[in-house]
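Protein sequence lines correspond, in order, to chains A and B.
Residue numbers for the first sequence follow the working numbering, so the first one is 2 and each next one is one higher.
Residue numbers for the second sequence follow the working numbering, so the first one is 242 and each next one is one higher.
For glycine and all other residues, C-beta sits at the position ideal for the given N, C-alpha and C.
Heads up: the structure comes next, in structure tokens.
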Amino acid sequence: TDTFHYTTYHTLSEIYSFQDMLVAENPKLVSKTVIGQSYEGRPLNVLKFSTGGSNRPAIWIDTGIHAREWVTQASGIVFAKKIVTEYGTDSAVTEILNRMDVFLEMVVNPDGYHFTHTNNRMWRKNRKQNRGSTCVGVDLNRNWNAGFGGHGSSNNPCSEIYRGTRAHSEPEVKSIVNFVRSHGNIKAFISIHSYSQMLLFPYGYTRKPAKDQAELDQVAQKAITALASLYGTSYRYGSIITTIYQSSGGSIDWTYNQGIKYSYTFELRDTGHFGFILPANQIVPTANETWLALKVIMDHTFKNPY
Amino acid sequence: KGDFHGHQVFRIVPKDDVQLALVRVLEDILDLELDFWRWVTPVDVRVPSHSLQVVKTYLENHCIKYFTMIKDLQALLDEEQRQMKSIAPAGN
């Protein structure tokens with residue numbers, strides 16, 4: 002993985018190969034777990050970074066729930082490499098991994114991602130065939146059991162924010178739900194999207210403030226300050242509903258309601274010119290600045306057990 | 242593969258909630274086949290070539306500020322593909 006091209010976008014099979022390479026190179030630190038299968042039968046791979054112990058407190062990071070947000074999957078690759086290179090060299094990462102596990106799902110929506118490479122670069126949803134409709138796909142970030150069916154999602158299968166027939170109906174979502182529940186000791190859940198430069202926390206489906214809002218807000222401010230320290234990229238932060246818009250059935254609202262206090266979602270950088278077609282030379286800078294913010298959240302989680 | 246020749250992406254800058262609501266009206270006109278990339282202010286929307294004139298006229302008639310963020314989406318996608326093809330075989 003030292004010679005892997007981090008400065009270009011990759012197909013799904015290349016990402017899966019990268020994951021296997023990383024495991025092969027770091028057998029004592031990295032392992033791969035398949036938590037389920039996508040609608041079209043692709044494996045849902047999660048990399049586990051662990052230095053030992055059983056059922057340690059853990060941090061979850063996911064990228065690529067929306068297929069066309071290519072810089073997120075690409076950033077996930079960079080994060081994976083950073084974790085293995087910084088373990089033993091960066092004191093914060095080393096301390097965290099000596100006590101906690103990190104789980105990273107780089108491609109939450111592999112069917113959609115494959116589809117963006119083969120058919121339609123602008124595809125967002127998964128590839129579920131919706132009964133009674135010619136329109137395909139469910140928005141996986143409207144399918145969670147947190148205000149499911151509320152404002153900011155759609156019951157129209159042709160909409161980009163179609164929520165699906167019921168909460169957790171989609172295997173890509175259900176697999177994470179099962180994993181989080183069975184693990185039972187996940188302390189931070191960070192879901193990464195692009196683009197619009199924001200760091201957000203619950204809630205999206207209700208105006209009711211999260212009970213930990215003050216702390217979540219403080220950590221977010223610290224995280225975006227760290228992020229900005231590299232290239233000056235300016236982020237907005239706050240709850241989803243007050244910072245962007247109402248959106249129901251989102252992942253971090255569900256995880257927060259499951260008791261995972263440090264639930265955050267990123268919207269990665271926007272250069273103002275390219276939207277989802279962020280040039281590949283922006284991948285590493287984007288990932289590098291985001292990594293600084295991720296480390297703030299991970300470090301805070303590590304230092305504030307609950 | 243999807244063909245995005247002539248598709249443009251507009252960055253729309255509504256000055257208030259009234260203008261934002263006027264932009265939202267566009268979303269419900271299915272014939273336009275608009276793809277809203279993001280709904281925060283500013284709003285970004287992909288407009289197929291067959292809807293360009295209608296959307297421009299609508300925005301201008303309502304004095305809603307906008308500019309073209311991407312003039313030809315397919316050109317960007319072609320460049321993205323070219324870069325991937327040029328690097329992938331050597332690296333993998």
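Please report the straight-line C-alpha distance between LEU256 of chain B and ILE278 of chain A, rounded to a whole angstrom.
Here residue 256 of chain B is Lys; the residue named in the question, Leu, does not match the sequence. One C-alpha to the other measures close to 26 Å.
What's the gap between the Cα of SER32 of chain A and the Cα of ASN56 of chain A?
Their Cα atoms are separated by approximately 14 Å.
ARG323 of chain B CB to nearest chain A CB: under 7 Å?
No, ARG323 of chain B does not count as interfacial toward chain A.
Could you tell me whether any Cβ in chain B is nearer than 7 Å to the Cβ of SER155 of chain A?
No, its Cβ sits nowhere closer than 7 Å to a Cβ of chain B.
For the beta strand (DSSP E) containing THR309 of chain B, name the first residue and the last one.
Unbroken beta strand (DSSP E) run through THR309 of chain B: 306–311.
Rounding to the nearest angstrom, what Cα-Cα distance links ILE328 of chain B and SER235 of chain A in this structure?
Going from the Cα of ILE328 of chain B to the Cα of SER235 of chain A covers about 31 Å.
Which residues of the region 225–243 of chain A have a Cβ closer than 8 Å to any Cβ of chain B? Give them in chain order.
The region 225–243 of chain A vs chain B, Cβ under 8 Å: nothing.
Tell me whether LEU314 of chain B sits in a helix, a strand or coil according to DSSP, three-state version.
In the structure shown, LEU314 of chain B sits in a helix (DSSP, three-state: H, G or I).
What residue range does the alpha helix (DSSP H) around PRO286 of chain A cover?
Unbroken alpha helix (DSSP H) run through PRO286 of chain A: 284–304.
How far does the beta strand (DSSP E) with VAL284 of chain B in it extend, from its first residue to its last?
That run of the beta strand (DSSP E) goes 284–288.
Looking only at its chain, what residues have a beta carbon closer than 8 Å to the beta carbon of THR282 of chain B, apart from the 5 residues adjacent to it on each side?
Hits under 8 Å: VAL254, PRO255 and LEU261.
Taking its Cβ as the centre, do 16 or more other Cβ atoms sit within 10 Å of PRO306 of chain A, making it buried, or is it exposed?
With fewer than 16 Cβ atoms within 10 Å of its Cβ, PRO306 of chain A is classed as exposed.
Assign CYS291 of chain B to one of two classes, buried (16 or more other C-beta atoms within 10 Å of its C-beta) or exposed (fewer than that).
It is His, not Cys, that sits at residue 291 of chain B in the sequence shown. Exposed.
Rounded to a whole number of angstroms, what is the C-alpha to C-alpha distance between TRP255 of chain A and ALA147 of chain A?
Approximately 5 Å, taken between the alpha carbons.
Tell me whether the beta-carbon of LEU293 of chain A lies closer than 7 Å to the beta-carbon of LEU228 of chain A.
Yes; because the gap between Cβ atoms is below 7 Å, this pair is in contact.
Classify TYR232 of chain A: buried if its beta carbon has 16 or more other beta carbons within 10 angstroms, exposed otherwise.
The residue is exposed, with fewer than 16 neighbouring Cβ atoms inside 10 Å.
Should the region 63–78 of chain A be called in touch with the region 102–117 of chain A, which here means at least 3 C-beta pairs below 8 Å?
Yes: the two stretches touch, three or more of their Cβ pairs being nearer than 8 Å.
Our contact map puts PRO205 of chain A next to SER249 of chain A with C-beta atoms below 8 Å; I'd like the distance itself, whole angstroms only.
The amino acid occupying residue 205 of chain A in the given sequence is Gly; Pro does not appear at that position. The pair is a contact, with the Cβ atoms about 7 Å apart (cut-off 8 Å).
State buried or exposed for ALA25 of chain A, treating a residue as buried only when at least 16 other CB atoms are found within 10 Å of its CB.
Exposed is the call here.
So who's on the other strand from GLN130 of chain A, going by DSSP bridges?
The partner list for GLN130 of chain A (beta bridge, DSSP) reads A:VAL137.
For LYS256 of chain B, go through chain A and note every residue whose CB falls closer than 9 Å to its CB, in chain order.
Going along chain A, no residue has its Cβ under 9 Å from LYS256 of chain B, so there is no contact; the nearest lies around 17 Å.
With distances taken between CB atoms, is the gap from MET310 of chain B to TYR10 of chain A smaller than 7 Å?
Contact flag unset, no.
If you compare alpha carbons, which of A:THR226, A:SER92, A:HIS115 and A:LEU48 is closest to ILE78 of chain A?
When each option's Cα is compared against that of ILE78 of chain A, the closest is A:LEU48.
Identify, in the order they occur along the chain, each residue of the same chain with its Cβ nearer than 6 Å to the Cβ of ASP140 of chain A, setting aside the five sequence neighbours on each side.
Closer than 6 Å at Cβ, skipping near neighbours: LYS126, ILE162 and TYR163.
How is ASP319 of chain B classed by DSSP in three states: helix, strand or coil?
Helix.
With a CB to CB cut of under 6 Å and the five nearest residues on each side skipped, what residues in its chain are close to ILE97 of chain A?
Cβ within range, chain order: MET299 and PHE303.
Considering only the beta carbon of each residue, do GLN38 of chain A and GLY153 of chain A sit closer than 7 Å?
Not in contact: GLN38 of chain A and GLY153 of chain A (Cβ atoms no closer than 7 Å).
Measuring only between beta-carbons, confirm whether ARG122 of chain A sits less than 7 Å from chain B.
Answer yes: the Cβ-Cβ gap between ARG122 of chain A and chain B drops below 7 Å somewhere.
Closer than 8 Å by beta-carbon distance: list the chain A residues that pair up with LEU318 of chain B, in chain order.
Ordered by position in chain A, the residues that pass the 8 Å Cβ test against LEU318 of chain B are ARG122 and ILE278.
Where does GLY332 of chain B sit, in a helix, a strand or coil, going by DSSP?
Since pLDDT at GLY332 of chain B reaches only 47, below the 50 mark, its modelled position is unreliable, and no value is offered.
Pull up the distance between the alpha-carbon of THR287 of chain A and that of GLN198 of chain A, whole angstroms please.
So the two alpha carbons sit approximately 10 Å from each other.
Could you say which of B:TYR299, B:ARG279, B:ASP269 and B:LEU300 lies nearest to MET123 of chain A if we only look at CA atoms?
For the residues B:TYR299, B:ARG279, B:ASP269 and B:LEU300, the minimum Cα distance to MET123 of chain A belongs to B:ARG279.
I need the boundaries of the alpha helix (DSSP H) containing MET22 of chain A, first residue and last residue.
Element bounds for MET22 of chain A: 13–26.
Give the secondary structure of GLU268 of chain A by DSSP, where H, G and I count as helix, E and B as strand, and everything else as coil.
GLU268 of chain A: strand per DSSP, three-state reduction.
Looking at PHE180 of chain A: is its Cβ nearer than 7 Å to the Cβ of ILE16 of chain A?
No, Cβ-Cβ distance for PHE180 of chain A and ILE16 of chain A is not below 7 Å.
Under 6 Å Cβ to Cβ from ASN201 of chain A, same chain only, skipping five residues before and after it: list those, please.
A quick correction: the sequence has Leu, not Asn, at residue 201 of chain A. Excluding sequence neighbours, LEU201 of chain A sits near ILE241, THR244 and THR266.
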